[in-house]
Amino acid sequence: MALNFQYPFQCIQFVERPQAKLLLASAGPRLYSYSAETGQRLASWPQDTSSSDQEPPEKKRKVSTAEGGSVEESETAEKTEKSKAPPAWSNIPIVTSTSNGEYVIAVTGEDKCIRVFQVQDDGSFQQLSERIMPKRPSSIALTSDETTILCADKFGDVHSLPLIPSNEKPAVAPRPNREAKLSHPAATNLTVHTKGNLRALEQQLELAKKKKEAGEEKSGPSFEHHLLLGHVSLLTDMLFVSLPSDTHKRTYILTADRDEHIRVSRGPPQAHVIENYCLGHTAFISKICVPRDAPEYLISGGGDNYLMVWNWTEGRALHKVPLVEDSSAAEVVVRGIWATTLGDLRLILVALDGSSQLQCFTLEADGSLKPQTPLDLTGNVLAVTSIEKDNTLLISVDSVRTAGSTNEWRASPSAPSILLEAFRLQQGTEGSLGWEPTLQSATGAINAVGTLEIAATTEDKKRGELNDLLYAMSKLRKTPRGGEDE
Amino acid sequence: MTPPPAKRQKRDEYRKQAAATNPDGGSSTTTTNETSLPARVKLPKKKFYRQRAHANPFSDHQLQYPLSPAHMDWASHFPAYVNPDPSQTNLIGTRQLLKDVEIVDIGCGFGGLLVGLAPLLPETLMVGMEIRVSVLDYLSTRIQALRAQQQQLQSTQASTSTTTTTTTTTQATADAVPEAPTTEPTAMEAEPTSTETPSTTDETTETTEATTLVPGGYQNITAIRSNTMKFFPNFFAKHQLSKIFICFPDPHFKARKHKARIVSETLNAEYAYALRPGGLLYTITDVEEYHHWVLRHFREGEDAEAVDGAVGTVKELFERLTDEELTQDPCVRVMSEETEESKKVTRNKGNKYVAVFRRKEDPAWPA
Chain Y
1 MALNFQYPFQ CIQFVERPQA KLLLASAGPR LYSYSAETGQ RLASWPQDTS SSDQEPPEKK
61 RKVSTAEGGS VEESETAEKT EKSKAPPAWS NIPIVTSTSN GEYVIAVTGE DKCIRVFQVQ
121 DDGSFQQLSE RIMPKRPSSI ALTSDETTIL CADKFGDVHS LPLIPSNEKP AVAPRPNREA
181 KLSHPAATNL TVHTKGNLRA LEQQLELAKK KKEAGEEKSG PSFEHHLLLG HVSLLTDMLF
241 VSLPSDTHKR TYILTADRDE HIRVSRGPPQ AHVIENYCLG HTAFISKICV PRDAPEYLIS
301 GGGDNYLMVW NWTEGRALHK VPLVEDSSAA EVVVRGIWAT TLGDLRLILV ALDGSSQLQC
361 FTLEADGSLK PQTPLDLTGN VLAVTSIEKD NTLLISVDSV RTAGSTNEWR ASPSAPSILL
421 EAFRLQQGTE GSLGWEPTLQ SATGAINAVG TLEIAATTED KKRGELNDLL YAMSKLRKTP
481 RGGEDE
Chain R
1 MTPPPAKRQK RDEYRKQAAA TNPDGGSSTT TTNETSLPAR VKLPKKKFYR QRAHANPFSD
61 HQLQYPLSPA HMDWASHFPA YVNPDPSQTN LIGTRQLLKD VEIVDIGCGF GGLLVGLAPL
121 LPETLMVGME IRVSVLDYLS TRIQALRAQQ QQLQSTQAST STTTTTTTTT QATADAVPEA
181 PTTEPTAMEA EPTSTETPST TDETTETTEA TTLVPGGYQN ITAIRSNTMK FFPNFFAKHQ
241 LSKIFICFPD PHFKARKHKA RIVSETLNAE YAYALRPGGL LYTITDVEEY HHWVLRHFRE
301 GEDAEAVDGA VGTVKELFER LTDEELTQDP CVRVMSEETE ESKKVTRNKG NKYVAVFRRK
361 EDPAWPA
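Here's what the structure looks like:
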């Protein structure tokens, strides 16, 4: 039997439930939960219904408990007729959870759907809601009370939605003004004059009359959602931050876009008040990070070969941190910036697209980033999560592409594929940081079971599509175009 | 390959010449006496700078924009207002100005508003922003020409009154032989002696601009190519502006194009950011529906959401000016009568809808 590749983990997140320590992960179209201690797979969603892994699962939503299903029925009733079809998505690019790990929010790719799951004691996922957004979400954040989801999308808007949609809410949500529909054309013969335009207007008037007779046309999402703010640019990342102030907590929404802006807005209900901008990048921004233990600093990165550290409440750049030694080297795309505190060290970890190195920095008191020995992995770093109590990092790596490349596949799959690696910070070594492999039985178990298979014989076109799903950010770079721009 | 059509060729030649005869600056800081000014600086002709009325605001274009407001080279735009202390530079090392830009015309088109406002607020720096290349070319050339004309008038005036002022302008007299003869009509060649008497003969032609010495000498206006929907905060710092004008914006009639409108709930937050409390945002349109759109997005209980509309939306940052206040504001008159588009609307007997909003203070942080 020919060996196949395994879908790598696109997102991983460690959560500590009262009963268990879990690792949540998405790979390909699936969401998985594992025991973080043993590596045993507890559940996958959507559940397998057929024996073949290659076959798309039949059920979109499977509830593990009977009474949970009834709540759901009414809300997703309109969707059920579609559930026979294969999943409308091929990847799950965003997975996040409440701090207690009870609720997981996942965004499925192509169908632009925000799904909220309740994680059961046995680690299984019970889907509570699915809400299809008007535009593809690019980042999800929770407000500090963890009752509201903020969703930043590729259209540049940030919407808020309740984590748990209330049942009493009528189907008609407040409509954003922008989408207010007109029953008749806005143009009149006072505003358009040319022959062609007048003819078009005539047609529009006729069409509007017909539409009025035919009844209402379709409108946007029917669930409760509010437009909080918007950029005229693709949003790439968003954070919700609350800062202690003299009297009350102040909350902020930080949004980053493709046009090099980081905007600092107040949190809802004052998201329309812009406090300032952090401007200093010359290429798109892909990730922003505010360390939980040093919320006065913001670290940002993207298509530039450096990170920036900001005093973001003042919009002031503090430090510029080089990411590559040779600045003429290939174009840099920051894949992720993670902040974690291990022991008494505030660490900033940075992964670049198509790099098997996880760069490590310590965040100093003045906000500067001190480079530490990087971690070398067996494949491109995709995602990082930390178990702070154990001084441990879990790192998902790409076992499909060769280390150092975002498009070149390995000659042959290895058995088992290495999907996950774990390292523990070594204490005691003076000055520099050391890492030792840890949790080998757990990662071994996860790697042995694997995820979904990708046929080793996948043809180039399909390979390219899979590459683009996993390494999408480089597409954001603006290409200098020749010719006249008018 | 076929050669470019004759029309385009002619246009390119004209523009090249126009740019050459009005070298950048034309200012008091650069050496004006190295090339004696042409006897009569001619204003560019609009017909060589036409461009279709729409530009896609979501496209990248090939825009130049500063990294941040502190990286903006304003000195080259306002040479008359450069800080005389050369050590005062901004983050990219260009000279700083004595004052900040305060007024912005978003989508300034051919610049009628700026030219109209310039003498009205001679000490206030204004910038027009326009996304269309050709239109911007025209306006830049026009402003350079206007400045040069003013300088000429000033120098001839100075020489006729024989008071040796400290101005270092050349003694290039106005009766020098006109060079580079073009097909330009000579209508604008006003008598330099008639400078004191404002000519009111022909308001509609641009040629009147050459005849009178205007306060500020058009040194206070400039134009920049930009996409304000994306890059407004790159140019202007928080609360920097006292007035923003949005005149006859592209109506984007189709509902699915409404995100491309220059007025929207989300963009208004950016205008509020750049506008200081007490600052004014002027709008005028000939499309009634757009007028209601503007009202809906800034103020007014005209929409169904009025109940909760006042809290938690950008509307709480603006209040509408009364009609009485509007009549007292000369900017409103300029906006409704002197912009190219307003003249066109008048010609076509269309309606004009004006709404002006005052930026309120930011609300207190929620308790």
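Protein chains in written order, with my numbering: chain Y, 1 to 486; chain R, 1 to 367. C-beta atoms are modelled at their ideal positions from N, C-alpha and C, and glycine is treated no differently. Here the structure is a predicted model, which means the values were calculated and not measured.
Identity of the residues DSSP links to residue 243/R by a beta bridge: As a working mapping, residue 243/R is identified with position 243 in the second sequence. Note: residue 243/R sits in a beta bridge opposite 103/R and 280/R.
Just verifying my parser: in three-state terms, what is the DSSP assignment at residue 370/R? No answer is possible for residue 370/R: it lies beyond the span of chain R, which begins at 1 and ends at 367.
Residue of 276/Y, 371/Y, 277/Y and 252/Y minimising C-alpha distance to residue 306/Y: Counting from one through the first sequence, the residue named residue 306/Y turns up at place 306. That would be 371/Y, whose Cα lies nearest to the Cα of residue 306/Y.
Under 7 Å between the Cβ atoms of residue 6/Y and residue 451/Y? Here residue 6/Y corresponds to residue number 6 of the first sequence, with the count starting at 1. Here residue 451/Y corresponds to residue number 451 of the first sequence, with the count starting at 1. Yes, the Cβ-Cβ distance between residue 6/Y and residue 451/Y is below 7 Å.
According to the neighbour-count rule (16 or more other Cβ atoms, all chains shown, within 10 Å of its Cβ), is residue 234/R buried or exposed? Within the second sequence, residue 234/R is the residue found at index 234, counting from 1. By the 10 Å Cβ count, residue 234/R comes out buried.
Taking a cut of 8 Å between CB atoms, which residues from the region 259-287 of chain R lie near chain Y? 259, 264, 265, 266, 267, 268, 269, 270, 272, 273, 286 and 287
In chain order, what residues of the same chain lie with their CB nearer than 8 Å to the CB of residue 54/R, ignoring the 5 residues before and after it? By 1-based counting over the second sequence, the position of residue 54/R is 54. Closer than 8 Å at Cβ, skipping near neighbours: 250.
Assign residue 65/R to one of three DSSP states: helix, strand, or coil. As a working mapping, residue 65/R is identified with position 65 in the second sequence. Three-state result, residue 65/R: coil.
CA-CA distance, residue 141/R and residue 60/R? Counting from 1 along the second sequence, the entry for residue 141/R is found at position 141. Counting from 1 along the second sequence, the entry for residue 60/R is found at position 60. Rounded to whole angstroms, residue 141/R to residue 60/R spans 25 Å at the Cα level.
Return no unless some Cβ of chain R is closer than 7 Å to the Cβ of residue 230/Y. As a first step, residue 230/Y is located in the first sequence; it is residue number 230 there, counting from the start. Closer than 7 Å to some Cβ of chain R, the Cβ of residue 230/Y qualifies, so yes.
If distances are taken between C-alpha atoms only, which option among 337/R, 277/R and 276/R comes closest to residue 111/R? Your numbering for residue 111/R matches position 111 in the second sequence. The candidate whose alpha carbon is nearest that of residue 111/R is 337/R.
Distance, Cα to Cα, residue 126/R vs residue 339/R? On the second sequence, position 126 is the one that residue 126/R refers to. On the second sequence, position 339 is the one that residue 339/R refers to. Cα-Cα distance, rounded: 15 Å.
At a CB-CB cut-off below 9 Å, which residues of chain R make contact with residue 6/Y? Position 6 of the first sequence, counted from the first residue, corresponds to residue 6/Y. The premise fails here: residue 6/Y is roughly 37 Å from chain R at the closest Cβ pair, so nothing lies under 9 Å.
Under 7 Å Cβ-Cβ, which residues of chain R neighbour residue 276/Y? Counted from its first residue, the first sequence places residue 276/Y at position 276. Here the neighbours are 238.
In this structure, how does DSSP classify residue 46/R when only helix, strand and coil are distinguished? The sequence position of residue 46/R within the second sequence is 46, counting from 1. In the structure shown, residue 46/R sits in a helix (DSSP, three-state: H, G or I).
At what residues does the beta strand (DSSP E) containing residue 153/Y begin and finish? The residue you call residue 153/Y lines up with position 153 of the first sequence. Start and end: 148-153.
Does DSSP classify residue 92/R as helix, strand or coil? Here residue 92/R is taken as the residue at index 92 of the second sequence, counted from 1. Three-state DSSP puts residue 92/R in coil, outside helix and strand.
Nearest neighbour of residue 260/Y, chosen from 251/Y, 243/Y, 236/Y and 272/Y [CA to CA]: By one-based count along the first sequence, residue 260/Y stands at place 260. Measuring from the Cα of residue 260/Y, the nearest candidate turns out to be 236/Y.
Cross-chain neighbours of residue 280/Y in chain R, by beta carbon under 8 Å: Your numbering for residue 280/Y matches position 280 in the first sequence. Result: 67 and 68.
Is the Cβ-Cβ distance between residue 229/R and residue 264/Y less than 7 Å? For this step, residue 229/R is matched to residue 229 along the second sequence. For this step, residue 264/Y is matched to residue 264 along the first sequence. No, the Cβ-Cβ distance between residue 229/R and residue 264/Y is not below 7 Å.
Indicate whether at least one CB of chain A lies closer than 7 Å to the CB of residue 229/R. The chain inventory of the structure shown lacks chain A, comprising the protein chains Y and R.
Per-residue contacts from residue 147/Y into chain R (C-beta, under 9 Å): Walking along the first sequence from the start, residue 147/Y turns up at place 147. Those within 9 Å of residue 147/Y in chain R number zero; the least Cβ separation is about 16 Å.
Would you kindly check if the distance between the Cβ of residue 268/R and the Cβ of residue 57/R is under 7 Å? Taking the second sequence and counting its residues from 1, the one referred to as residue 57/R is at position 57. Taking the second sequence and counting its residues from 1, the one referred to as residue 268/R is at position 268. No, the Cβ-Cβ distance between residue 57/R and residue 268/R is not below 7 Å.
Check whether chain R comes within 7 Å of residue 65/Y, counting only Cβ atoms and requiring the distance to be less than that. As a first step, residue 65/Y must be located in the first sequence, where it is residue number 65. Residue placement at residue 65/Y is flagged as unreliable, the pLDDT there being 42, under the threshold of 50; the coordinate-derived value follows with that caveat. No, its Cβ sits nowhere closer than 7 Å to a Cβ of chain R.
Is residue 100/Y buried or exposed, if buried means 16 or more other CB atoms sit within 10 Å of its CB? If you number the first sequence from 1, residue 100/Y lands on position 100. The residue in question, residue 100/Y, is exposed, as its Cβ has fewer than 16 Cβ neighbours within 10 Å.
By the 10 Å Cβ neighbour count, where 16 or more other Cβ atoms means buried, how is residue 137/R classified, buried or exposed? Indexing the second sequence from 1 puts residue 137/R at position 137. Answer is buried; the Cβ neighbour count reaches 16.
Taking 7 Å as the CB-CB cut-off, is residue 105/R touching chain Y? Taking the second sequence and counting its residues from 1, one reaches residue 105/R at position 105. No, its Cβ sits nowhere closer than 7 Å to a Cβ of chain Y.
Three-state secondary structure assigned by DSSP to residue 122/R: On the second sequence, residue 122/R is found 122 positions in, with the first residue counted as 1. Coil, per DSSP.
Pick helix, strand or coil for residue 337/Y, following the three-state DSSP scheme. Sequence index remark: in the first sequence, residue 337/Y carries index 337 (1-based). Strand at residue 337/Y.
For a test of the three-state rule: what should DSSP assign to residue 196/Y, helix, strand or coil? Taking the first residue of the first sequence as position 1, residue 196/Y is located at position 196. Helix.
Would you call the region 339-357 of chain Y and the region 285-292 of chain Y touching, i.e. three or more CB-CB distances under 8 Å? yes
Local conformation of residue 128/Y per DSSP, three classes: If you number the first sequence from 1, residue 128/Y lands on position 128. Three-state result, residue 128/Y: strand.
Considering only residues of the same chain and omitting the five flanking positions on each side of residue 334/Y, which have a CB-CB separation below 7 Å? In the first sequence, the residue the question calls residue 334/Y occupies position 334. 286, 287, 301, 302, 350 and 352.
Are the CB atoms of residue 432/Y and residue 403/Y within a distance shorter than 7 Å? Position 403 of the first sequence, counted from the start, is the residue given in the question as residue 403/Y. Position 432 of the first sequence, counted from the start, is the residue given in the question as residue 432/Y. The answer is no: Cβ separation not under 7 Å.
For chain R, check one thing: does any of its Cβ atoms lie closer than 7 Å to the Cβ of residue 246/Y? For the purposes of this step, residue 246/Y is taken as residue 246 along the first sequence, with counting starting at 1. Cβ-Cβ to chain R under 7 Å: no for residue 246/Y.
May I have the straight-line CA-CA distance separating residue 327/R from residue 333/R, to the nearest angstrom? Position 327 of the second sequence holds residue 327/R. Position 333 of the second sequence holds residue 333/R. Distance between the alpha carbons of residue 327/R and residue 333/R: 8 Å.
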